[in-house]
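Participant: First the structure, then my questions, so here it is.
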Amino acid sequence: MVVESGFTAAQLPWLEGPRQAFLAQLTRQKMPHAQLVGIDSAYGGELLSVFMARAAMCLQPTPAGACGFCKSCQLFDAGNHPDFYHIAADGNQIKVDQIRELCTRLTATAQQSGMRVAIIHHSERLNSAAANALLKTLEEPGKDTLLILQSDTPARLMATVGSRCQRIPFVVPSREIIKNWLAQQCDIKEDVTWCLSVVGGPLQLAESLQSEGGQQSRYQSLLQFRKDWAQSLSSGHLCASLLTISEQQIIDVLKVLYLLIRQVLLKNSHQDAFIHAQLGNLAAKIMGMCHSLSTMPSVNYLALCQSYVLEYREITNK
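Here this note's numbering is used: position 264 in the sequence shown is 898, and no number is missing along the way.
Put into structure tokens, the structure is as follows:
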């Protein structure tokens, strides 16, 4: 199984607590049969799931996790361990047939001398039939079986499924921790964490700093969008560079605008309550549009952006 990231769980300091909690269970040989990793992929939830699976299947685990040298580790790293299973969404859902097949495989005898482990990534996407099919295995797991349910939004997971899993503890890292990590990993001195909510999380932010083939990095584009929006809100007209945005950039563009308006709200919390409420409504409208764009067949992006500029100017009487 391949996780699209240039990092490992061991490189993310905010996963130190979750890693140690799991390894302590593994050392005591008192590991529950089902673990819920309610950590967003943007913060390393998928990486932690893989770390846990690899360590659980290792034949000679170390205090730091899997040894990396035993036969089980070699099979796992090669992506062909016969007792490891990975379930991901088929489209927007994890379907019942996927779970039924998994449950059948987990009842079979292990082919290697060790654990049988399954990771269900984005488990909040289990549809109701799939979740119900999983319940029996959660209630009556086979011997030496570990189910790892990773979820970006664990609150969306069916309650009867979540209640049968032990949740891995996790505290969202502060911006200062992320800032220091980025400085170490990406050799960057400036604070770039202002756009965390735009890109999704620290892993995506690190990726956004990289440029390929001489192209402008995503972070550089975000900086430009911030400058462009500040100019546009001040003048009342979209600046020239915003007139050339692509369909692929529109969500980033709108999220940067949202951040700018939120910044205005925070800096001017003492302003007229009516104006404050209107700006809050505008910010909410922009974020709602970001969520809707994935399902909209066609939108006039330039007209949309200009309408937000005009509404902002009308609210602030500029």
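Note that the Cβ used here is the ideal one computed from N, Cα and C, for glycine as well.
Leaving out five residues before and five after Gly870 in sequence, what residues of the same chain have Cβ atoms less than 8 Å from its Cβ?
Facilitator: Answer for Gly870: Val943, Leu944, Arg947 and Lys952, listed in chain order.
Participant: Taking the Cβ atom as the reference point for each residue, do Ser757 and Leu783 lie within a distance shorter than 7 Å?
Facilitator: Yes.
Participant: The beta strand (DSSP E) spanning Ile684 covers which residue range?
Facilitator: The sequence shown places Val at residue 684, rather than the Ile named in the question. Taken as a continuous stretch (DSSP letters only), Val684 belongs to no beta strand (DSSP E), being part of the alpha helix (DSSP H) at Gly679 to Met691.
Participant: Beta carbon of Gly679, beta carbon of Leu649: below 7 Å?
Facilitator: The answer is no: Cβ separation not under 7 Å.
Participant: Please classify Met749 as buried or exposed, where buried requires at least 16 other C-beta atoms within 10 Å of its C-beta.
Facilitator: With 16 or more other Cβ atoms within 10 Å, it is buried.
Participant: From Gln613 to Leu893, what does the alpha carbon distance come to, in whole angstroms?
Facilitator: The structure shown does not extend to residue 613, since the chain is modelled only from 635 through 952, so no value can be given for it.
Participant: Is the Cβ-Cβ distance between Ala864 and Arg896 less than 7 Å?
Facilitator: Contact: no.
Participant: Grouping DSSP H, G and I as helix and E and B as strand, with all else coil, what is Gln844?
Facilitator: Note: Gln844 maps to coil in three-state DSSP.
Participant: Indicate the three-state DSSP secondary structure (helix, strand or coil) for Met635 in the structure shown.
Facilitator: Note that Met635 has pLDDT 49, beneath the 50 cutoff, so the model's placement of it is unreliable and no number is given.
Participant: Going along the chain, which residues of its own chain have a beta-carbon closer than 7 Å to the beta-carbon of Lys813, five neighbours each way excluded?
Facilitator: Excluding positions up to five away in sequence, the list reads Asp825 and Thr827.
Participant: Can you name the residues that DSSP bridges to Arg750?
Facilitator: Answer is Thr779, bridged to Arg750.
Participant: Can you tell me whether Val805 is buried or exposed, with buried defined as 16 or more other CB within 10 angstroms of its CB?
Facilitator: Classification of Val805: exposed, given that the 10 Å Cβ count is below 16.
Participant: Specify whether the region 776-791 and the region 733-749 touch according to this definition: at least 3 beta carbon pairs, one from each stretch, less than 8 Å apart.
Facilitator: The region 776-791 vs the region 733-749: in contact.
Participant: For the region 783-800 against the region 662-678, are there 3 or more C-beta pairs whose distance is under 8 Å?
Facilitator: As far as the Cβ criterion goes, the region 783-800 touches the region 662-678, which means the pair count is three or higher.
Participant: Is Phe718 helix, strand or coil by DSSP?
Facilitator: Strand.
Participant: Do you know how far the Cα of Ala911 is from the Cα of Asn766?
Facilitator: Looking at the two C-alpha atoms, the distance is approximately 44 Å.
Participant: For Pro652, count neighbouring Cβ atoms within 10 angstroms of its own Cβ and tell me buried if that reaches 16, exposed if not.
Facilitator: It counts as buried.
Participant: Give the C-beta separation of Leu768 and Leu780 to the nearest angstrom, bearing in mind that I take them to be a contact with Cβ-Cβ under 8 Å.
Facilitator: In fact, because the Cβ distance is near 14 Å, the residues do not count as touching under 8 Å.
Participant: Considering Gln669, what are the terminal residues of the beta strand (DSSP E) in which it resides?
Facilitator: Here the beta strand (DSSP E) through Gln669 covers Ala668 to Val671.
Participant: Could you tell me which of Tyr853, Ala722 and Ala700 sits nearest to Gln838, measuring between CA atoms?
Facilitator: Minimum Cα distance to Gln838 is reached at Tyr853.
Participant: According to DSSP, is Gly835 helix, strand or coil?
Facilitator: The answer is coil: DSSP assigns Gly835 none of H, G, I, E or B.
Participant: From Thr787 to Ala644, what distance separates their C-alpha atoms?
Facilitator: Whole-angstrom Cα-Cα distance: 23 Å.
Participant: Can you give me the start and stop residues for the alpha helix (DSSP H) that His925 sits inside?
Facilitator: Run containing His925: Ala907 to Ser926, per the alpha helix (DSSP H) assignment.
Participant: Identify whether Gln708 lies in helix, strand or coil by the three-state DSSP scheme.
Facilitator: Three-state DSSP puts Gln708 in a helix.
Participant: Closest to Lys684 by C-alpha separation, out of Ile754, Leu736, Leu660 and Ile949, would be which residue?
Facilitator: Per the sequence shown, residue 684 should be read as Val rather than Lys. The option with the nearest alpha carbon to Val684 is Ile754.
Participant: In whole angstroms, what is the alpha-carbon distance linking Thr696 and Glu881?
Facilitator: Cα to Cα, Thr696 sits roughly 48 Å from Glu881.
Participant: Which word fits Ala689, buried or exposed, when buried means at least 16 other C-beta atoms lie within 10 angstroms of its C-beta?
Facilitator: Counting Cβ neighbours within 10 Å, Ala689 comes out buried, since at least 16 surround it.
Participant: With the cut-off set at 7 Å, would you say Ile802 and Ala764 are in Cβ contact?
Facilitator: Contact: no.
Participant: Can you tell me whether Ile802 is helix, strand or coil according to DSSP?
Facilitator: Note: Ile802 maps to coil in three-state DSSP.
Participant: Given a cut-off of 7 Å on the beta-carbon distance, is the pair Ser875 and Asp862 in contact?
Facilitator: Their beta carbons are under 7 Å apart, which means Ser875 touches Asp862 by this criterion.
Participant: Tell me whether Arg798 is buried or exposed, calling it buried when 16 or more other Cβ atoms sit within 10 Å of its Cβ.
Facilitator: Arg798 is buried by the Cβ-count criterion.
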